Structure formats: C-alpha cells, structure tokens
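Engineer:
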Amino acid sequence: MRAIVVGTGAGGATAARELANAGFEVIILEAGKEFKPFRRLLQVAGPLRRTGLLGNEKTITRMFPPMDTMRSSDDLVLVRGMTTGGSTVLSCGNIVRADHGLKEIGLDLTPEFEKIEKDIGVTEFPRERWQPVTEKMFEAAQKLGLEPKVTPKAVDSIKCVSCGLCELGCTTDARWDSRRFLSDAVDAGAKLYTSSPVEKVIIEKGHAKGVIVGSKTIHADIVVLAAGGIGTAQMLKASGLPAKDNLWVDIVLTLGGVLKGANQIKEPPMAWYTKHEDYILSPYLDILSHWFHKPWRNVSIEDRVGVMVKLADIEEGAVFADGKVQKTIKKEDYTRLDDAIGEAKKIMEYAGVSGPYINGVHNGGHLGGTVPLTKDDVDSMKPSWLPKGLWVADLSLAPRSQGLPTILLASAMARRVAGKISEEYRTNEITL
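Heads up: the sequence shown runs through residues 4 to 435, numbered per this note's numbering.
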C-alpha cells in the first residue's frame, strides 16, 4: 500500500519513518532542496549591516533559501524551513513537552512524548559552558521568583562548538534535526524526492488518490500532509478543501540590551527558560533583529544581549490557495507582549545588562492551527471533514498556540497519526 508524505520537518519525517517501518511503500515529497548549513552571512553581511544596505528580512531568504520569510502583516514576519528537515534544521534544538489546548479535547500524547524523547536523546547543555551573562540572568530570574529551568535540548555538547548560530544550520552535526528520522525512513525503503512542491491533492469520489507535482501526477492510497500550518493549509485550499482561519505562530519578540563583551552569541540559544501562563522568557540573541532591524544596528554582536518572549498568540490568521498569509498581531497580544517584555527587562537589570533596551522584530516560526482537531476527532486523529485517505501530521492539528518549543509536539502528533493510519489499513501496528 502506497503512502505519500508531503514535508520533511518534525511531522513529515516522523510520519514517513513510522509508516515505512510499518510496511507501507512510502514516497516523501519535499518542496525545498537538500539542506546545507549557512555560515557566509557573518562574512558577507557584517560590513553592510550598519549601513542598512542589507535591506529587510527577505535578504536572508535570497542568500539562504532554506530560511523562507514572509510578512503576514506590516508588524509580523513569519519564518519557515523550506528544505530537507523543514524548520528543525533552523531550530535551537529545544525539546519541551508542549500540550496547550490538548487536555481540553481529550488528547494525551504522553506515550509519544516519551518514545520520541528516547529516540532523539534529550540532554541539557552544561552550565559551565554558558556565558557569564547567561548565568547571571538565570540567577536574576531565580531572585525574581520566576523559577527558571535549564532547557531540555537535542544537542550533543561534545560536538557543539558554541558558535551560537543553530538557526543557520549545525555544521558539526551536534544538534538533532528531523533528517535523522528521514534517514531512518529511507533505510526502511522510503523514497525521498526533493525540489518537489505539491500543488494540490487529487480527490476522486471523496477519496484522496494522489498529488500533483508540477506536470506530474503521483498516485497513492494514502496522502499525508505535513508541510506545516501554512503549507498544509495552502494545499488543502488549492485542492478545493477547507482549512480553518485559525493560524497561530507563537509570536517571538526579543528585548535587546547591552553589555560590553557579553558574547552571548558564543553559546547555544535558549539555554534556560521561565514558563508563564501564556509565554516563556529565554536568553536569545535574535539574528533576524541583529542583521535587519534598524534600531539594533548601533550595537555589535559581541555586546548585544537578548531575552526572548515566545507568546502563545490568538489563533486567528488565514492562509490562501496561492500561499499568501494574512496574520496580524492582535491588541490583546500586544498587551501581553508588553507585560512579558517588562519581566525580561527586570531580568536584564538585575543581571547588570544596561540599556538602551530595544525591542526586536516581531516574528513567528511555529505555524499551526489550520486543521485543528476537536474532541470528536481525537480517536481517529483526523478531522472528520477530510476525505478518506487524506491525513494531516503536523502542527496544523494543534488547536491552540503553545508559547513553547514545538518540535516534540509536531513529532508526537505525527507518530500518533501514523499509528492510526497503520491501524485503519491493517498493516503492522506501531508499538509504543
């Protein structure tokens, strides 16, 4: 039985791996090319940064196509990975159990979380390798009663060279990304095709029968969409199927401060975090803001210190069949961001990081909510309105924004979906 999996990020790679291991003939389609880390940004962009000749965030996409950026409104930049490994190759390697909104619909992913954590190998980055400013901010957060925790990571500290550029790709293979699951799938017999953007799903008499890629038609018994909250929704609408206008992105806003010789860049981002009701705070040097945000230009990367706010935003945003996205920051989100930035500023002040304190670029890279599960869907892990044979296996299924790292959630959902597919088609069941 043939299954097409569209996308190779945390969701797609997991689904492909599990289906291949369960005996399906798996075809994996990736819109982007084979991923290669990018380091020339530092050499190419450095001399141009202060002059403003770099332009805006689209410049990084032109120089580094795997990092696809778009503005969904004047005040919000969206980022996604368009390459093998999807957004996982551009991630900080954080492995946190995000389950906001799942209990409300009766979905417990604990077994999947445990299995994937074991498969990935979750660790903590050694505190003795943190930069002094990161340690001081951790201690400041403790004194403020914010109960900071060391971030669980999929990073091999022995291989890690503390370049701080995880989001441009790991050159030493220290950080896990979903290409490892992709490799497992290929080893189990799956076929991977890059530069293969899916235009739409073929639906005949209420059944998914394959996909169209350029001038080619690829037939299959099962189609699994795992192209993220934007890509999956775009393909559904291009296929004449609905997708919900509930896009969430986990808005990120980084407060920038100054400390001479801090060298925050010389460590993996987000070494620790504090968890609040609808956001987290974490030490983070935002490279998007550093290179392309005019108010940040007058401070060198060696002296820049950042604390990130990652906010669970209001689930409202639309994706269209042509790939355009409409998503704005709501007034309520601005209010919550202001409150969170106030907490970030306190941490900096306690730790000896001075001003001027300047907000970075509002951006979002966790894209979900466009094919949300309901209570009635949990048993099947498939929204009831999807045609037979068509499944979704990414963050699109999560009804609520998380305000947390989401790699583990996407992978866990995809594993559960793959298990349901296996059960329905009576192939070898996946054992947890």
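Each residue gets a CB set at the ideal place from its N, CA and C atoms; glycine is no exception. Note that the structure is a prediction, hence the values are computed from the model and not measured.
#1: Between residue 372 and residue 399, is the Cβ-Cβ spacing less than 8 Å?
#2: For residue 76, which three-state DSSP category applies?
#3: Taking the alpha helix (DSSP H) that residue 114 belongs to, which residues open and close that run?
#4: Would residue 267 and residue 298 be called neighbours here (beta carbons separated by less than 8 Å)?
#5: Applying the 10 Å Cβ sphere with the 16-neighbour rule, what's the burial state of residue 276?
#6: Determine, using beta carbons only, whether residue 217 and residue 258 come nearer to each other than 8 Å.
#7: What first and last residue would you give for the alpha helix (DSSP H) that runs through residue 135?
#8: Is there contact between the segment 160-180 and the segment 87-97, where contact requires at least three CB pairs shorter than 8 Å?
#9: Using the three-state DSSP reduction, which class does residue 269 fall into: helix, strand or coil?
#10: What are the boundary residues of the alpha helix (DSSP H) that residue 350 is part of?
#11: By how many angstroms is the C-alpha of residue 233 removed from the C-alpha of residue 426?
#12: Would you kindly report the start and end of the unbroken alpha helix (DSSP H) that includes residue 313?
#13: Between the Cα of residue 260 and those of 237, 280, 350, spot the shortest distance and give me the residue it belongs to.
#14: Locate the alpha helix (DSSP H) running through residue 292, then write down its first and last residues.
#15: Buried or exposed for residue 292, going by 16 or more other Cβ atoms inside 10 Å?
#16: Select from 142, 173, 356, 362 the residue whose C-alpha is nearest the C-alpha of residue 289.
#17: Would you identify the three-state DSSP class for residue 376, choosing helix, strand or coil?
#18: How should residue 422 be labelled, buried or exposed, when 16 other C-beta atoms within 10 angstroms of its C-beta is the threshold for buried?
#19: Does the beta-carbon distance from residue 6 to residue 225 come in below 8 Å?
#20: Please classify residue 210 as buried or exposed, where buried requires at least 16 other C-beta atoms within 10 Å of its C-beta.
#21: In angstroms, rounded to a whole number, what distance separates the CA positions of residue 150 and residue 262?
#22: Within 10 Å of its beta-carbon, does residue 379 have 16 or more other beta-carbons around it, so buried, or fewer, so exposed?
#23: Just the C-alpha distance for residue 406 and residue 65, rounded to the nearest angstrom, thanks.
#24: State the DSSP-derived secondary structure class of residue 383, mapped to helix, strand or coil.
#25: For residue 320, name the three-state secondary structure that DSSP assigns.
#26: Once the 5 residues before and after residue 23 are set aside, which same chain residues still bring their CB inside 6 Å of it?
#27: Would residue 125 pass as a contact of residue 157 if the rule is Cβ separation under 8 Å?
#28: Using DSSP's beta-bridge definition, name the partner residues of residue 278.
#29: Between the Cα of residue 243 and the Cα atoms of 198, 172, 324, 170, which residue gives the shortest distance?
#30: Whole angstroms are fine: how far does the CA of residue 241 sit from the CA of residue 326?
#31: Which same chain residues end up closer than 8 Å to residue 253 when comparing Cβ atoms and leaving out the 5 residues on each side of it in sequence?
#32: If you draw a straight line from the C-alpha of residue 256 to the C-alpha of residue 428, how long is it?
#33: Terminal residues of the continuous alpha helix (DSSP H) containing residue 368?
#34: Just curious, the alpha helix (DSSP H) that residue 185 is in, first and last residue?
#35: Grab me the residues of residue 302's own chain with a C-beta within less than 6 Å of its C-beta, minus the 5 sequence neighbours each way, in chain order.
#36: Report all residues from its chain with a CB closer than 7 Å to the CB of residue 133; omit the five preceding and five following residues, and keep chain order.
Structural biologist: Taking the geometry as given:
#1: yes
#2: strand
#3: 113-123
#4: no
#5: buried
#6: no
#7: 135-146
#8: yes
#9: coil
#10: 334-353
#11: 28 Å
#12: Unbroken run through residue 313 is the beta strand (DSSP E), 307-314; no alpha helix (DSSP H).
#13: 350
#14: 290-295
#15: buried
#16: 362
#17: coil
#18: buried
#19: yes
#20: exposed
#21: 24 Å
#22: exposed
#23: 29 Å
#24: coil
#25: strand
#26: 29, 188, 191, 192, 193
#27: yes
#28: 283
#29: 324
#30: 9 Å
#31: 313, 314, 315, 316, 367, 368, 369, 404, 405, 406, 407, 409
#32: 44 Å
#33: Note, residue 368: premise wrong, no alpha helix (DSSP H); not H, not E.
#34: 182-190
#35: 261
#36: 270, 274
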